[in-house]
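Here the structure comes first, spelled out in structure tokens, and everything after it is commentary.
In the numbering used here, the protein residues as written are 524 to 924.
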């Protein structure tokens with residue numbers, strides 16, 4: 524029995540020995556060979572490496588400017604042009620041809636020659652007549668020279684707005700220091716003293732860079748100017764809407780629109796420190812019309828959709844009210860475009876005024892106007908209000924003159 528049980532008793536021990544041997548073999552295989560640092564081998568290897576030659580800048584190497592690359596990319600994809608790139612600027616104007624300049628110089632020379640000959644004939648006829656002609660020409664000439672110089676300065680001030688906007692856009696991204704002080708001082712010297720200017724003077728520090736100073740100027744001063752200009756635009760838009768709804772003649776409607784819009788443009792420009800003359804006002808109106816024509820697609824669709832929807836809703840109540848609402852929205856649109864052209868720093872997308880807020884106020888004004896027309900007391904109050912508006916307008920014109 525013992526002999527038969529011996530193999531069975533030794534078999535587990537043999538299996539355990541085999542397992543221990545295999546585990547030891549795996550441990551020895553997992554251990555990596557010891558690595559010893561050989562200084563001689565590293566020295567030989569570094570000596571055999573080839574040194575790379577220094578690469579010097581070659582002046583004759585052609586360099587492609589970034590502007591050329593952009594122009595080539597835009598030329599390859601003309602449909603990718605943005606509307607802002609083709610929108611006319613305020614300072615751009617067509618130059619006169621050489622024939623027009625020659626004609627103007629000939630007319631001036633002819634006028635000068637005729638004046639000299641007339642004065643000579645007057646002197647030969649009578650010294651008193653010569654003195655009278657000379658005094659009249661001196662007064663008229665002085666008035667003309669002063670007027671031309673004033674118009675030139677006002678027109679130049681309006682044209683400088685485009686350059687100021689370019690400089691403001693550049694300084695808004697500048698991390699340098701020193702240039703923004705002169706830029707802001709050149710603008711605020713045309714502004715009246717206000718709470719925003721006082722806060723700006725207390726907020727500006729020497730450690731602020733140009734971008735931070737421009738941002739403070741826009742938040743503290745220009746925001747205040749924008750709110751004042753928006754109030755002016757809303758007031759003139761409401762007055763135009765009510766006057767158009769009350770006028771019975773189409774010719775009178777056109778006269779009202781022209782009259783109110785002229786005064787609105789003058790007041791909006793004055794908010795940003797710009798005094799408009801005759802030619803500068805014409806220049807601003809021309810730029811406003813061109814900018815409305817070249818307006819972006821999304822802005823144009825939004826504004827026209829608001830205007831058409833409001834006019835359609837009001838037209839169901841009264842055709843005169845719908846006409847007044849359309850004229851008021853047109854006045855507001857012109858005023859907002861004037862703000863964009865007269866503002867020294869361009870509007871951001873979220874800051875740009877929209878017509879969606881104006882049409883609600885116009886609807887309330889027209890609703891109140893329609894309600895007043897239905898009662899005698901309302902008609903008397905409206906008549907008194909219109910007379911007071913005319914008196915205030917005439918008094919302001921006298922004070923300005």
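A virtual CB, placed ideally from N, CA and C, is assigned to each residue, including glycine. Here the structure is a predicted model, which is why all the values come from computation and not from measurement.
Residue i and residue j closer than 8 Å at C-beta
i           : j           : result
residue 867 : residue 718 : no
residue 791 : residue 813 : no
residue 768 : residue 846 : yes
residue 657 : residue 713 : no
residue 653 : residue 642 : yes
residue 844 : residue 889 : yes
residue 799 : residue 677 : yes
residue 857 : residue 811 : yes
residue 744 : residue 711 : yes
residue 854 : residue 809 : no
Residue from the options with nearest C-alpha to residue i
i           : options            : result
residue 777 : 701, 850, 732, 735 : 850
residue 645 : 660, 728, 631      : 660
residue 746 : 882, 884, 863      : 863
residue 861 : 886, 881, 749      : 749
residue 848 : 696, 869, 765, 647 : 765
residue 852 : 775, 808, 759, 785 : 759
residue 763 : 780, 731, 655, 663 : 780
residue 794 : 638, 690, 859      : 859
residue 708 : 691, 633, 697      : 691
residue 715 : 882, 751, 647      : 751
residue 787 : 633, 730, 757      : 757
residue 698 : 730, 622, 667, 673 : 730
residue 801 : 681, 664, 640, 635 : 681
residue 869 : 880, 740, 629      : 740
residue 664 : 638, 854, 686      : 638
Simplified DSSP state of residue i, which is helix, strand or coil
i           : result
residue 725 : helix
residue 716 : coil
residue 624 : helix
residue 731 : coil
residue 534 : At residue 534 the pLDDT is 45, less than 50, meaning the model places this residue with poor confidence; the figure from the coordinates comes in the next sentence. Looking at residue 534 - three-state DSSP - the assignment turns out to be helix.
residue 695 : coil
residue 801 : helix
residue 701 : coil
residue 873 : coil
residue 619 : coil
residue 868 : coil
residue 581 : Confidence at residue 581 is low in this model, with a pLDDT of 47, below 50, so the placement of that residue is unreliable and no value is reported for it.
residue 638 : helix
residue 670 : helix
residue 753 : helix
residue 795 : coil
residue 682 : helix
residue 746 : helix
residue 879 : coil
Chain-order list of residues whose beta-carbon lies under 8 Å from that of residue i (same chain, five-residue window excluded)
i           : result
residue 537 : Here the model assigns residue 537 a pLDDT of 45, short of 50, so the residue's position is not dependable, and the following value carries that caveat. Contacts found: none.
residue 785 : 804
residue 789 : 799, 804
residue 883 : none
residue 761 : 851, 884, 885, 888
Cβ-based neighbour list, residue i, same chain, cut-off 7 Å, excluding 5 preceding and 5 following
i           : result
residue 694 : 702, 703, 706, 733, 734, 737
residue 753 : 876
residue 865 : 684, 791, 792, 795, 797
residue 742 : none
residue 700 : 732, 733
residue 806 : 678, 681
Residues near residue i by beta carbon distance below 6 Å, same chain, minus five either side
i           : result
residue 804 : none
residue 673 : none
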